[in-house]
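Structure record follows, encoded as structure tokens.
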Amino acid sequence: MTKDAVTLSVNGSQREIASDTRQLLVDVLREDLDLKATHVGCLSGDCGACSVLVDGEVRKSCLNLAVSMQGADIRTLDGWADNVLARLQAAFISTNAFQCGFCTSGMLMAAYDLLRRNPRPDTLEIRKAISGNLCRCTGYEPIIRAIQQAIDE
Ligand code: FES
Ligand code: FES
Numbered sequence: 635m636t637k638d639a640v641t642l643s644v645n646g647s648q649r650e651i652a653s654d655t656r657q658l659l660v661d662v663l664r665e666d667l668d669l670k671a672t673h674v675g676c677l678s679g680d681c682g683a684c685s686v687l688v689d690g691e692v693r694k695s696c697l698n699l700a701v702s703m704q705g706a707d708i709r710t711l712d713g714w715a716d717n718v719l720a721r722l723q724a725a726f727i728s729t730n731a732f733q734c735g736f737c738t739s740g741m742l743m744a745a746y747d748l749l750r751r752n753p754r755p756d757t758l759e760i761r762k763a764i765s766g767n768l769c770r771c772t773g774y775e776p777i778i779r780a781i782q783q784a785i786d787e
């Protein structure tokens with residue numbers, strides 16, 4: 635299988651990868667670039683565990699081919715945090731908004747995307763923002779509380 639060279643920015647660093655046409659973005663992030671914060675769940679777009687930011691918008695990295703990412707700005711949870719993300723992370727910890735933690739990076743990406751677009755969302759907007767992310771442990775209420783706490787701080 636021939637591979638295409640793809641240049642992209644990942645968490646602020648320019649990276650060049652060699653990707654075959656079928657390779658998923660999530661696999662490049664986790665396996666080729668060793669960035670493990672992004673999780674693999676369903677691989678069908680349903681669980682949101684693989685959510686990352688692509689050019690500032692939340693996307694499910696299991697639904698995107700790496701070769702389509704030429705020139706893109708990708709953000710995962712690995713190795714950076716601006717003020718908004720740091721507030722969210724601190725709020726998730728202080729409100730116990732996770733148990734197994736499998737969904738957490740995807741939830742944080744979805745919440746971050748929301749707060750960047752709308753710094754003061756109401757509860758319904760929070761629920762909609764995380765509606766593409768499944769959590770089997772918390773019942774969602776602690777996650778919503780954490781996001782509300784990050785908004786209020
Ligand atoms: Fe991508 Fe579930 S692994 S949505
Ligand atoms: Fe376990 Fe959300 S904390 S799936």
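Quick note, the sequence shown lines up with residues 635 to 787 if you use my numbering.
Backbone N, C-alpha and C define an ideal beta-carbon position, used for all residues, glycine too.
Owing to the predicted nature of the structure, the values given are computational and were not obtained by experimental measurement.
| Item | Value |
| --- | --- |
| Could you tell me which of 691, 670, 695, 662 sits nearest to residue 677, measuring between CA atoms? | 695 |
| Report all residues for which the CB-ligand distance to some heavy atom of ligand 1 is below 6 Å; order them along the chain. | 674, 675, 676, 677, 679, 680, 681, 682, 683, 684, 694, 696 |
| If distances are taken between C-alpha atoms only, which option among 782, 770, 785 comes closest to residue 680? | 770 |
| Touching or not, the stretch 711-719 and the stretch 642-652, by the rule of three or more beta carbon pairs under 8 Å? | yes |
| Output yes or no for whether 7 Å exceeds the beta carbon distance between residue 660 and residue 674. | yes |
| Go ahead and label residue 626 buried or exposed: buried means 16 or more other beta carbons lie within 10 angstroms of its beta carbon, across all protein chains shown. | Outside the displayed range of the chain (635 to 787) lies residue 626, so it cannot be described from this structure. |
| So which residues put a beta carbon under 5 Å from any heavy atom of ligand 2, going in chain order? | 732, 733, 734, 736, 737, 769, 770, 771 |
| Can you tell me where the beta strand (DSSP E) holding residue 712 begins and where it ends? | No beta strand (DSSP E) holds residue 712; DSSP gives it neither H nor E. |
| Only counting the same chain, and skipping five residues up and downstream in sequence, which positions put a Cβ closer than 6 Å to that of residue 651? | 640, 662, 666 |
| Compute the beta-carbon to beta-carbon distance between residue 763 and residue 755, rounded to the nearest angstrom, for a pair I have assumed lies under 8 Å. | 7 Å |
| Start and end of the beta strand (DSSP E) containing residue 641? | 638-644 |
| Just the Cα atoms here: how many angstroms apart are residue 721 and residue 746? | 10 Å |
| Should the stretch 699-709 be regarded as contacting the stretch 724-731, the criterion being three or more beta carbon pairs within less than 8 Å? | no |
| Just tell me which of 672, 655, 719, 734 has its CA closest to the CA of residue 699. | 655 |
| Take the Cβ of residue 767 as the centre, count every other Cβ of all protein chains shown within 10 Å, and call the residue buried at 16 or more, exposed below. | buried |
| In angstroms, rounded to a whole number, what distance separates the CA positions of residue 703 and residue 671? | 19 Å |
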